[in-house]
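Numbering (my numbering), first residue to last: 1006 to 1322.
Heads up, the beta-carbon is just placed ideally off N, CA and C, and yes, glycines get one too.
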C-alpha cells in the first residue's frame, strides 16, 4: 500500500459518513422555526397563526414534516377535515370550573399564543427547539375584553442527524394549568380521539404495524404493541416512506390505544382513555406526554425499532 493510501481511506470514510450524518441547523423567525440537515429540509414548526381565508386558524404544530427524500409527508388544511394539521396535539373538550371553553381539536374559540422560542444544542449533534405557549379563548375574557390565558404549555422538539435510512424527532409536551379545576378530554363518542396526532399522506396500500405485526384499523381504538409504524407512499412518484411513533413508557395510561385510519384522516395516540371522559390538569404535577418519531424510507427492521425504543426509554431514566 502506498503512503497516500491511508490518507485516501480516511478521506473516503469521512465523506461517506458526512453523506448520512450532516449537521442539524435550526432557523427561528417570527413566523416559524425551520430545521435543516445540510441542505435538506427536516420539519417546520408553525409559530404564527395560520388560517384558510380567515377560517380554521391554527398554530403550535409541525408542518411540513419531510421524508428522507425531501418530500412533505404531512398535510395541512386537507379538504376532508380542514381542521387537521400535520403533527399536532389537541383536545375537543376543555373545561374551566365545569364550563366548556372552546375546542382545540376543531379550532373553535381556541387560540395558541406562542410567546417564546429558543434553541439549544444537545447530544450527538441534536438540536432542540423549546416553545412556550399560552392557551387562550375568545370566550374566556377579563373585564376589559382581553383574553385570559388558562394553560401554559411548554414543548420541546429535538431533531437528530440522519443515520442511514432513518431520522429521529423527539417531542415532549408539558401542560400546566394556570387555574384550578381545568380538565381536558377527547371526542364525546365511542372513539374518544384526542391528544398526539399525525395527519400524513396515505396511499391506497397504506399499512400499519406494531412490534408483533400488521394491525387492522377499526372504528374504535385498537392496541399497538410498543409502537405504530405507518408505511405509505408519497409524491408524484409514490415513493415509499415510513413514520413510526414510539410513545414514552412514562406517558400516563401507557400503553395508549390508537385511532387508525386508512384514508382521509389522522392517526391518533389516544389520551386520555376513554377519551370521552375528561381528566383534570394538575398544578402540582403537570401533564407530560412524550413521543419519538422515526422517519424512515419504508424499510426498517423491527430490531432497529426496538433499539431506538430502548435508547429513547433511557433518556428519561
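If I'm right that residue i touches residue j with Cβ under 8 Å, what's the distance once you round it to whole angstroms?
i            : j            : result
residue 1080 : residue 1064 : Not really, about 17 Å apart at Cβ, beyond 8 Å.
residue 1306 : residue 1231 : Wrong, their Cβ atoms sit about 14 Å apart, outside the cutoff.
residue 1047 : residue 1071 : 6 Å
residue 1301 : residue 1118 : Going by Cβ atoms, the distance from residue 1301 to residue 1118 rounds to 34 Å, so no, they are not a contact pair.
residue 1139 : residue 1157 : 6 Å
Going by Cα to Cα distance, which pick from the options is closest to residue i?
i            : options                   : result
residue 1127 : 1152, 1250, 1165 and 1182 : 1165
residue 984  : 1151, 1171 and 1225       : In the structure as shown, the chain starts at 1006 and stops at 1322, and residue 984 therefore has no counterpart that could be examined.
residue 1130 : 1263, 1300 and 1030       : 1030
residue 1223 : 1264, 1293 and 1185       : 1264
residue 1099 : 1149, 1051, 1118 and 1285 : 1285
residue 995  : 1186, 1111, 1169 and 1120 : The shown model of the chain, from 1006 to 1322, leaves out residue 995, and the question about it has no answer.
residue 1085 : 1292, 1111, 1157 and 1154 : 1111
residue 1133 : 1308, 1163, 1040 and 1115 : 1163
residue 1266 : 1159, 1191, 1185 and 1234 : 1234
residue 1239 : 1272, 1308 and 1207       : 1207
residue 1078 : 1255, 1189, 1237 and 1269 : 1237
residue 1115 : 1149, 1147, 1061 and 1051 : 1061
residue 1073 : 1168, 1291, 1150 and 1066 : 1168
residue 1254 : 1219, 1293 and 1161       : 1293
residue 1272 : 1290, 1259, 1298 and 1257 : 1298
residue 1257 : 1044, 1113 and 1180       : 1180
residue 1185 : 1290, 1151 and 1260       : 1290
residue 1251 : 1268, 1218 and 1174       : 1174
residue 1087 : 1308, 1050, 1269 and 1310 : 1269
residue 1155 : 1172, 1187 and 1161       : 1187
Applying the criterion that 16 or more other CB atoms from any shown protein chain within 10 Å of the CB defines a buried residue, is residue i buried or exposed?
i            : result
residue 1312 : exposed
residue 1304 : exposed
residue 1320 : exposed
residue 1316 : exposed
residue 1089 : buried
residue 1038 : buried
residue 1274 : buried
residue 1295 : buried
residue 1209 : exposed
residue 1153 : exposed
residue 1012 : Per-residue confidence for residue 1012 stands at a pLDDT of 44, beneath the threshold of 50, marking its modelled position as unreliable; the derived number appears in the next sentence. So residue 1012 ends up on the exposed side.
residue 1028 : exposed
residue 1019 : Per-residue confidence for residue 1019 stands at a pLDDT of 39, beneath the threshold of 50, marking its modelled position as unreliable; the derived number appears in the next sentence. Exposed: under 16 other Cβ atoms inside 10 Å.
residue 1102 : exposed
residue 1058 : exposed
residue 1125 : exposed
residue 1221 : exposed
residue 1191 : buried
residue 1009 : Low per-residue confidence applies at residue 1009: pLDDT is 49, beneath 50, and the placement is therefore not dependable enough to give any value.
residue 1021 : Confidence in residue 1021 is poor, its pLDDT being 42 and thus under 50, which makes the residue's placement unreliable; the coordinate value appears in the next sentence. With fewer than 16 other Cβ atoms within 10 Å, it is exposed.
residue 1288 : exposed
residue 1322 : exposed
residue 1182 : buried
residue 1259 : exposed
residue 1262 : buried
residue 1310 : buried
residue 1308 : exposed
residue 1069 : buried
residue 1177 : buried
residue 1229 : buried
residue 1328 : Residue 1328 lies beyond the residue range present for the chain, which begins at 1006 and ends at 1322; the question has no answer from this structure.
Of all Cβ atoms in chain D, is any one closer than 7 Å to the Cβ of residue i?
i            : result
residue 1279 : The displayed structure is made up of one protein chain only, and chain D is not part of it.
TODO: Taking 8 Å as the threshold, find out whether the region 1196 to 1204 comes into contact with the region 1080 to 1100 through three or more Cβ pairs.
DONE: Enough Cβ pairs lie closer than 8 Å, so yes.
Open item on the list: I want to know whether the region 1274 to 1292 touches the region 1206 to 1215 - three or more CB-CB distances under 8 Å.
Closed with: Because the criterion of three Cβ pairs below 8 Å is not met, the region 1274 to 1292 and the region 1206 to 1215 do not touch.
TODO: Kindly confirm or deny that the region 1107 to 1122 and the region 1133 to 1153 touch, where touching means at least three C-beta pairs closer than 8 Å.
DONE: Short answer: they touch.
Task: Sequence ranges, alpha helix (DSSP H) only - wholly within the region 1058 to 1088, length at least 4 - done: Whole alpha helix (DSSP H) segments, 4+ residues: zero.
Task: Complete beta strand (DSSP E) runs within the region 1212 to 1273 (minimum length 3 residues, chain order) - done: Unbroken beta strand (DSSP E) runs of no fewer than 3 residues, entirely contained in the region 1212 to 1273, are found at 1212 to 1215, 1218 to 1220, 1233 to 1239 and 1244 to 1252, following chain order.
Open item on the list: Using 8 Å as the cut-off, can you tell me whether the region 1238 to 1253 makes contact with the region 1178 to 1195, which would need three or more C-beta pairs spanning the two stretches below that distance?
Closed with: No contact exists between the region 1238 to 1253 and the region 1178 to 1195.
Open item on the list: List, from N- to C-terminal side, the beta strand (DSSP E) runs of 3 residues or more that fit wholly inside the region 1128 to 1153.
Closed with: Residue ranges of uninterrupted beta strand (DSSP E) with 3 or more members, entirely inside the region 1128 to 1153 and ordered along the chain, are 1132 to 1141.
TODO: Can you check the region 1171 to 1213 for any beta strand (DSSP E) of at least 3 residues that lies completely inside it and give the ranges in chain order?
DONE: The region 1171 to 1213 contains these whole beta strand (DSSP E) runs: 1171 to 1182, 1187 to 1190 and 1200 to 1203.
- [ ] Any chance you could list the beta strand (DSSP E) runs of at least 3 consecutive residues sitting entirely within the region 1271 to 1317, in chain order?
- [x] Qualifying beta strand (DSSP E) stretches, in chain order: 1272 to 1275 and 1292 to 1301.
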